[in-house]
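Trainee:
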Amino acid sequence: MQLRFLETFIHLAKVRNFRKVADLLHTTQPVISSRINALENELGTKLFERSKRGVQLTSEGRVLLPHAEMVVELTNEMKWLVNRDRKMTGSLRVGVTDTILRSWFVQLMECFREKYPGVNIEMLSSTSADVIQSLRDRAVDVGLAMRDGNDPKLDFVPLGSFPVAWVASPTAFPIRRAAVGTLLDLPILSFPKNSIPYKTLERYLKMHSKVRVNMHSSNSIATIVQMAEEGLGIAPMPRAVVMKELASGTLHEITVDVEFPPLEFFAITEASPRKTLRDEFVEMARKQAVAYASRFPDDYLIHLD
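The sequence shown begins at 806 in the numbering used here and counts up one residue at a time.
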């Protein structure tokens, strides 16, 4: 029984769509179908019911799923235990948000590459919500993202928080101080709609006004920063990701009477007692977050228990 057949079975059980699984595994739908058929033939039973709406596990498939997950986890743990040195090869899939990308992710990559030069990092850059869903679908192994509620199937390791500043073009919006109520009359450049930071911003604004605020959202922090520099609005941004713009003067900070809640980030993995390369990556991420906080104590907060 080939391991990749079991891995394909697990992905399909989670995602329930052949095309999406093919995209996740960088292959084609016929290859996915062939693997599932081969596994079903080997086991002598049908694992999925196929319909126009997708696929569903059969009763036999539901019985197999936890055992397949255990086999894959044990295999990965064995590889980790015998290759915890520079000889390790393979790949690690990491989901990461723009905020982490624009702060300490490069240093994390350099540290990881130095210790594991034979391991390739496959990176998914997206919103926290998408990163978490990718973890649930097993499309990534580790997520560096914000947390939205509890999920017993996921482990969350705190990485720290980014204080948020209201920033704007000093020529378009020369004000230095403002009340929250004043901001509501200005165009606000925001995080992607329905993202975790966007929901935080909505709650923040609703606490101070019932008037519908004029908000423009983007799924790219770089785009939001550029729009702010061009005077299209004001933006609540993690101070750490706009340090260059604040230093150069293309943006300036507006001090607001009510502080915006810091954005807290976590290293997120699927809950498992097995120790693999992903756990080493999480520990490296935690150390890089601490190091970053020591360099920029006003722009990144580490909460020590």
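The C-beta atom is built at its ideal place from N, Cα and C for all residues, glycine as well. Only a predicted model underlies this, so the values are computations on that prediction, with no experimental measurement involved.
My output table needs one value for Pro1078: the three-state DSSP class, helix, strand or coil.
Mentor: In this structure, Pro1078 counts as coil in the three-state DSSP scheme.
Trainee: In three-state DSSP terms, what is Val901?
Mentor: In the structure shown, Val901 sits in a strand (DSSP, three-state: E or B).
Trainee: So, at 8 Å on beta carbons, what are the nonlocal neighbours of Ala827 in its own chain, with the 5 sequence-adjacent residues on each side left out?
Mentor: Thr833, Gln834, Val836 and Ile837, listed in sequence order.
Trainee: What does DSSP give as the partner residue(s) for His1057 in the beta ladder?
Mentor: Looking at the DSSP assignment, His1057 forms a beta bridge with Ala973.
Trainee: Would you mind giving the Cβ-Cβ distance between Arg1079 and Leu879, rounded to the nearest angstrom? I have them listed as a contact below 8 Å.
Mentor: Sure, about 7 Å apart at Cβ, within 8 Å.
Trainee: Give the straight-line distance between the Cα atoms of Thr863 and Ile905, rounded to the nearest whole angstrom.
Mentor: Roughly 41 Å separates the two Cα atoms.
Trainee: With DSSP run on the structure shown, which of helix, strand or coil describes Leu1068?
Mentor: Strand, per DSSP.
Trainee: Pull up the distance between the alpha-carbon of His816 and that of Lys825, whole angstroms please.
Mentor: Whole-angstrom Cα-Cα distance: 9 Å.
Trainee: Going by DSSP, what residue range makes up the beta strand (DSSP E) through Ile993?
Mentor: It spans Ile993 to Ser995 - the beta strand (DSSP E) in which Ile993 sits, taken as one unbroken run.
Trainee: From Ala944 to Gln938, what distance separates their C-alpha atoms?
Mentor: So the alpha carbons of these two residues sit roughly 9 Å apart.
Trainee: Return the CA-CA distance between Leu949 and Gln861, expressed in angstroms with no decimal places.
Mentor: Cα to Cα, Leu949 sits roughly 30 Å from Gln861.
Trainee: By DSSP, does Pro1102 sit in helix, in strand, or in coil?
Mentor: Three-state DSSP puts Pro1102 in coil, outside helix and strand.
Trainee: Rank Asp1104, Asn955, Phe996 and Leu1010 by C-alpha distance to the C-alpha of Asp990 and give the top, closest one.
Mentor: Looking at the Cα atoms, Leu1010 is the closest of the given residues.
Trainee: Going by DSSP, what residue range makes up the alpha helix (DSSP H) through Ser933?
Mentor: Start and end: Ser933 to Arg941.
Trainee: With respect to the alpha helix (DSSP H) encompassing Ile1039, which residues constitute its N-terminal and C-terminal limits?
Mentor: Note, Ile1039: premise wrong, no alpha helix (DSSP H); not H, not E.
Trainee: Tell me whether the beta-carbon of Ser1000 lies closer than 9 Å to the beta-carbon of Ser933.
Mentor: Yes, Cβ-Cβ distance for Ser1000 and Ser933 is below 9 Å.
Trainee: I'd like the ranges of any alpha helix (DSSP H) spanning at least 4 consecutive residues and lying wholly in the region 825 to 898.
Mentor: Taking only runs of at least 4 residues, the alpha helix (DSSP H) segments lying wholly in the region 825 to 898 are 834 to 848 and 864 to 887.
Trainee: Considering only the beta carbon of each residue, do Val1111 and Pro1043 sit closer than 9 Å?
Mentor: There is no way to answer for residue 1111, as the model of the chain reaches only from 806 to 1110.
Trainee: Taking the alpha helix (DSSP H) that Gly923 falls in, what are its first and last residues?
Mentor: First-last for Gly923: undefined, no H or E at that position.
Trainee: Alpha carbon to alpha carbon, how far is Pro871 from Leu959?
Mentor: Spanning the two alpha carbons is a distance of roughly 16 Å.
Trainee: List the DSSP bridge partners of Phe967.
Mentor: According to DSSP, Phe967 bridges with Leu1068.
Trainee: Taking all protein chains shown into account, decide if Asn846 is buried (16 or more other Cβ within 10 angstroms of its Cβ) or exposed.
Mentor: Per the 10 Å Cβ criterion, exposed.
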